[in-house]
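Residue numbers for the sequence shown, in mature numbering (1 follows the signal peptide of the UniProt record, and there is no 0): -26 to -1, 1 to 266.
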Amino acid sequence: MTFHIHKASILAGCVFAGLTFQPVLAVGQEDVVARVNGEVLTTADVAMAAEIYGDQLAGAPEEARRSAIVDVLIDMRIAADAARAEGIEEEDGFRRQMAFLRNQTLRALFLEQRVAEAVSDEAVRKAYDEKISEVPPVEEVRLRHILLSTEQEAEDVVAALDNGADFAALASERSKDEASRNAGGDLGFVTVGQTIAAVDEAAAELAPGEYTASPVKSAFGFHVVEVEERRNRPAPSFETVAPQIRRALESAAAQRIMNELRTEAKVEKLVPDVPLPQADDGHNHGPAGAQE
């Protein structure tokens, strides 16, 4: 696998990080990963840079990823020294960009800290419990079936079941349904609409442990259907959905914090307040697309 790393984009990302090189005495020697013009690059610098553009190196071996990051930061330091030598630090463009980046970083850190205070583990658990309590129960039925080509074959299977034969064993021996035959006819847990209508209708009349007393006809042939179990669909586990819930809470908290700050600030927006166009979802929401 080949990894293509664009140094120009990575260097731009590192500027936003505000990476700094420290004197040798400020860090332990084990933390030094490079020296450039008497300044050191540390493991902390590498870690910060990895957070910014790590996706560009996703899948790369760890040592190769680390080496690539260090190479880019070395280049960044060399170019920065050259820029200082040419007096770019004193230019208005540099100062404007640094002021912008400073405000951007302050905003990010401020929201990060405030959002972390607002979205605790307890808040995530509470939101999960509330969402789960609002979900209506959905009944699932675990089905087995045996598909036969003729009605007589299906009646023979029913007769064998009446005489004590094992449903799963008969399905493995006789069912024409290649997908479920090797699993003893097991279709797993399904809801209404997930199987063909004839099977749904037959299963609706059966209690757990019962099978159809007569063959069920469909476009595929003749079925013998057994209901193994009925249950309400289990809710997704907390561990499965907690990251998604946390992201939603954090997004809402950040928006709420910014709205509160705006109400307290004196703001004059001197350009027209024009909303961004909505993304095209493939549906015509205008008058011409209205249904009569």
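Virtual Cβ for every residue (Gly too), placed ideally from N, Cα, C. Bear in mind the structure is a predicted one, so any value in this text is a computation, not a measurement.
Buried or exposed for residue i, please, with buried defined as at least 16 other CB atoms from any protein chain shown within 10 angstroms of its CB.
{"i": "residue 104", "result": "exposed"}
{"i": "residue 61", "result": "exposed"}
{"i": "residue 171", "result": "exposed"}
{"i": "residue 84", "result": "exposed"}
{"i": "residue 14", "result": "buried"}
{"i": "residue 54", "result": "buried"}
{"i": "residue 169", "result": "buried"}
Between residue i and residue j, which are expected to be in contact by the criterion C-beta below 8 Å, what is the C-beta distance as a whole number of angstroms?
{"i": "residue 145", "j": "residue 159", "result": "3 Å"}
Going by C-alpha distance, which of the options is nearest residue i?
{"i": "residue 165", "options": "117, 52, 80, 108", "result": "117"}
{"i": "residue 42", "options": "20, 101, 113", "result": "20"}
{"i": "residue 47", "options": "175, 173, 23, 11", "result": "23"}
{"i": "residue 185", "options": "153, 93, 129, 167", "result": "129"}
{"i": "residue 193", "options": "77, 173, 142, 82", "result": "173"}
{"i": "residue 232", "options": "167, 136, 86, 35", "result": "86"}
{"i": "residue 191", "options": "12, 59, 127, 65", "result": "127"}
{"i": "residue 96", "options": "216, 106, 36, 115", "result": "216"}
{"i": "residue 178", "options": "79, 37, 114", "result": "114"}
{"i": "residue 81", "options": "214, 137, 235, 167", "result": "235"}
Using a Cβ-Cβ cutoff of less than 8 Å, which residues in the same chain neighbour residue i once the five nearest sequence positions on both sides are dropped?
{"i": "residue 262", "result": "Confidence at residue 262 is low in this model, with a pLDDT of 47, below 50, so its placement is unreliable and the value that follows should be read with caution. Once the five neighbours on either side are set aside, residue 262 has no close Cβ partner at all."}
{"i": "residue 132", "result": "185, 186, 187, 188, 189, 198"}
{"i": "residue 149", "result": "119, 120, 121, 122, 155, 159"}
{"i": "residue 73", "result": "none"}
{"i": "residue 134", "result": "144"}
{"i": "residue 59", "result": "none"}
Should residue i and residue j be called a contact, given that it needs their Cβ atoms to be closer than 7 Å?
{"i": "residue 27", "j": "residue 219", "result": "no"}
{"i": "residue 205", "j": "residue 182", "result": "no"}
{"i": "residue 176", "j": "residue 199", "result": "yes"}
{"i": "residue 121", "j": "residue 151", "result": "yes"}
{"i": "residue 230", "j": "residue 112", "result": "no"}
{"i": "residue 227", "j": "residue 93", "result": "yes"}
{"i": "residue 44", "j": "residue 8", "result": "yes"}
{"i": "residue 196", "j": "residue 147", "result": "no"}
{"i": "residue 16", "j": "residue 5", "result": "yes"}
{"i": "residue 51", "j": "residue 10", "result": "yes"}
{"i": "residue 89", "j": "residue 238", "result": "no"}
Ignore the nearest five residues each way along the sequence and tell me which others in residue i's own chain have a CB closer than 6 Å to its CB.
{"i": "residue 211", "result": "none"}
{"i": "residue 57", "result": "none"}
{"i": "residue -1", "result": "For residue -1, the predicted structure reports a pLDDT of 49, less than 50, and the residue's modelled location is therefore unreliable. The matter cannot be settled from this model."}
{"i": "residue -3", "result": "In this predicted model, residue -3 has a pLDDT of only 40, less than 50, meaning its place in the structure is not dependable enough to derive any value."}
{"i": "residue 252", "result": "none"}
Between which residues of its own chain and residue i is the CB-CB distance below 7 Å, once the five residues before and five after are set aside?
{"i": "residue 109", "result": "209"}
{"i": "residue 282", "result": "The structure shown has nothing for residue 282, since the chain only spans -26 to 266."}
{"i": "residue 106", "result": "209"}
{"i": "residue 249", "result": "none"}
Does the beta-carbon of residue i, which I'm using as the reference point, lie nearer than 6 Å to any heavy atom of the ligand GTP?
{"i": "residue 231", "result": "Ligands in the displayed structure: none, and consequently the ligand GTP is not present."}
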